[in-house]
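Residue numbers (my numbering): 4 to 198.
For reference, the structure discussed in these notes is given below.
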Amino acid sequence: MTQYDEGVEQLFTFVQVFTASMNAFAHGANDIANAIAPVAGVLAIYQTGELSSKSPVPKWILAYGGVGLVLGLALYGYKLELVFAILPQVMKTIGYKLTALSPTRGASAELAASLTVVTASYIGLPVSTTQCIVGAVSGIGCVEGWRTVQWLSLAKVCVSWVIVFFTAAVFSAGVFSFCYFTPSAMDPIVNATAA
């Protein structure tokens, strides 16, 4: 890693606090919306029997999403290691393994990622904050040459995203199937056997 002026790096520690705050805002604005929109949609369908693109989102659902975000950050991503042994610790990988970071590089990556996420949120595009920051950190690493990026670590992170996607899909299908195919009092088969 090229060494930069120590005074500039020290100055950018303060800038990085600002860009980290921007990234936290972007994360909350986008990822919470991505997570709670399906919950709000299901609740609206349950309550009214129809889905509108302008359904109101109850405050408790927003709080629910905020609690989920804080819990995920508190667990620091490492608790998933216990469940999925092959998944890398994504946050640790971004900070330490992907490429060498300094305050100037970190601030640049956070600024790029947060502007991308906020712009996508404004347009209405659902994007992943984590994928944006991984892309930004990889881009910062590539500035000094493609050899400064640990491509194996990046590949592990990308594979973990694919595994998590399919795991979530299978889990969601299982929960839906369990709920949909569970006998109920309105089921004609249950009523016929009860009589």
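Cβ coordinates follow ideal geometry from the N, Cα and C atoms, glycine included.
Under the DSSP assignment, R108 falls in the alpha helix (DSSP H) whose first and last residues are 106 to 126.
For the pair D34 and T132, the CB atoms are nearer than the 7 Å cut-off.
Of the candidates A36, A158, Q13, T170, the residue whose Cα lies closest to the Cα of T96 is A158. Contact annotation: the region 25 to 39 touches the region 67 to 76, with at least three C-beta pairs closer than 8 Å. Closest in alpha carbon position to A123, among L76, A29, I64, is A29. Per the coordinates, the alpha-carbon of A38 lies some 36 Å from the alpha-carbon of R150. Counting of Cβ neighbours within 10 angstroms places L54 among the exposed residues, the total staying below 16. Separation of the CB atoms of A139 and A103 is rounded to 15 Å, and the pair is thereby denied contact status at 8 Å.
By the neighbour-count criterion, in which 16 or more other beta carbons inside 10 Å mark a residue as buried, G144 falls on the buried side. Burial is judged here by how many other beta carbons sit within 10 angstroms of a residue's own beta carbon; P106 has at least 16 and is buried. Where T96 is concerned, there is no enclosing alpha helix (DSSP H), because DSSP gives it neither an H nor an E.
Less than 7 Å divides the Cβ of L101 from the Cβ of S156. Between L78 and W63, the alpha-carbon positions lie close to 22 Å from each other. Its chain contains A110 as the residues whose beta carbon lies nearer than 7 Å to that of V18, once the 5 sequence neighbours on both sides are disregarded; these appear in chain order. Per DSSP, the unbroken alpha helix (DSSP H) holding D34 starts and ends at 9 to 51. DSSP places W154 inside the alpha helix (DSSP H), whose first and last residues are 154 to 184. The shortest CA-to-CA distance from V162 to any of S175, I126, Q134 is the one to Q134. With a cutoff of 7 Å on beta-carbon distance, A47 and S58 are scored as near each other. Under a 10 Å Cβ-count criterion, G52 is classified as exposed, with fewer than 16 other Cβ atoms of the shown protein chains found around its own Cβ.
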